[in-house]
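Down below is the structure, laid out as structure tokens.
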Amino acid sequence: MAHPGVYYRHLSRHFGPQYWWPGNSRWEVMVGAILTQNTAWRNVELAIAELRRRHLLSRAAMLAAPAEELRAAIRSAGFYRQKARYLQALAAWVADHHGGSLDRLFRQPTGRVRAELLALPGIGPETADSMLLYAGGHASFVVDAYTVRILLRHGEAAAQGSGDGYAAIQSWFAAGLGRDVGRWQEMHALIVAAGKEFCRKTVPRCTACPLGPLLPAGTADVGHQPFASREA
DNA sequence: GCCCAGGTGGGTA
DNA sequence: TACCCACATGGG
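Counting from -14, one number per residue, gives the positions in the first sequence under my numbering.
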């Protein structure tokens, strides 16, 4: 189990196609990326449905809407005050700096887009990479809590107190996924599927995991702490 | 009632 | 750099 391709093969065979990211447009994907922060996707779906019902899902409408109304619409996704602020900041920034064109934004080099997104409030590494990978079609791998947890339990990554663990894990996948961005998209989606089923915090061990038995929870799982690959 | 969910930002030593 | 903590709803 020393190559991302092995993960891909096992998980793909077990779960099949994931059809990610759920969303009808690039903007909707970006909205979902913010709404899902530390939030179950089910609650995000409720929020997006409510945004659609109120005709607030478009960038223009979201930007023009009173903060109170936007908050009410996304309430089900939790953290609704800050998320409403983040959404409007993003919408305003796209309008002000890219002429309201996501084409223009994502036409830039990956590193440039990523830096710009990270400079916005409420957009950290995972959210930026989700937007890049699924809204922009850029090869920027998404490292989320499930990714970290799975790699830890399978001994691929070691907890480390210093350094940029996110980048280390990202590089590990990037080096082994090839050029097909669709494969990058599928890889992350499969990891989330596996995480939800086999690698929840409350699942101590599971011999049915398609990647093989998981280590007992709590032995190496340190949640959101930084990580580095073993050779680091 | 308690734990968890596809994180991020701000504060402290 | 390395921890803390707030942020908030809905489901198991």
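The C-beta atom is built at its ideal place from N, Cα and C for all residues, glycine as well.
Starting from Ala69, follow the alpha helix (DSSP H) in both directions and report where the run begins and ends.
Within the first sequence, residue 69 is the residue found at index 84, counting from 1. Its alpha helix (DSSP H) spans residues Tyr65 to His83.
Would DSSP call Ala160 helix, strand or coil?
By one-based count along the first sequence, residue 160 stands at place 175. If DSSP states are grouped into helix, strand and coil, Ala160 belongs with coil.
Beta-carbon gap between Leu90 and His83 smaller than 8 angstroms:
Taking the first sequence and counting its residues from 1, one reaches residue 90 at position 105. Taking the first sequence and counting its residues from 1, one reaches residue 83 at position 98. Yes, Cβ-Cβ distance for Leu90 and His83 is below 8 angstroms.
Whole-Å CB distance - Glu111 paired with Val127, under 8 angstroms assumed
The count along the first sequence starts at 1 and reaches residue 111 at position 126. The count along the first sequence starts at 1 and reaches residue 127 at position 142. With 8 angstroms as the limit, Glu111 and Val127 qualify as a contact, their Cβ atoms being about 6 angstroms apart.
Are the beta-carbon atoms belonging to Tyr131 and Gly180 less than 8 angstroms from one another?
Residue mapping note: residue 131 aligns to position 146 of the first sequence, counting from 1. Residue mapping note: residue 180 aligns to position 195 of the first sequence, counting from 1. Yes, the pair counts as a contact, with Cβ atoms nearer than the cut-off.
Note down the Cα distance separating Ala213 from Ala152, rounded to an integer number of angstroms.
Indexing the first sequence from 1 puts residue 213 at position 228. Indexing the first sequence from 1 puts residue 152 at position 167. Low confidence applies here, because Ala213 scores a pLDDT of 40, under 50, leaving its location unreliable; read the following figure in that light. Answer to the nearest angstrom: the Cα atoms are 8 angstroms apart.
Which residues mark the beginning and the end of the alpha helix (DSSP H) in which Asp114 is found?
As a position in the first sequence, residue 114 is number 129, starting the count at 1. Residues Pro110 to Ser115.
In this structure, how does DSSP classify Ala153 when only helix, strand and coil are distinguished?
Sequence index remark: in the first sequence, residue 153 carries index 168 (1-based). Here Ala153 sits in helix by DSSP.
Quick one: give me the first and last residue of the alpha helix (DSSP H) that Phe183 is part of.
Counting from 1 along the first sequence, the entry for residue 183 is found at position 198. Note, Phe183: alpha helix (DSSP H), Val166 to Phe183.
Within a Cβ cutoff of 7 angstroms, which residues of the same chain sit near Arg56, ignoring the five residues on either side of it in sequence?
Reading the first sequence from its first residue, position 71 is the one you call residue 56. Taken in chain order, the residues that qualify are Tyr65, Arg66 and Ala69.
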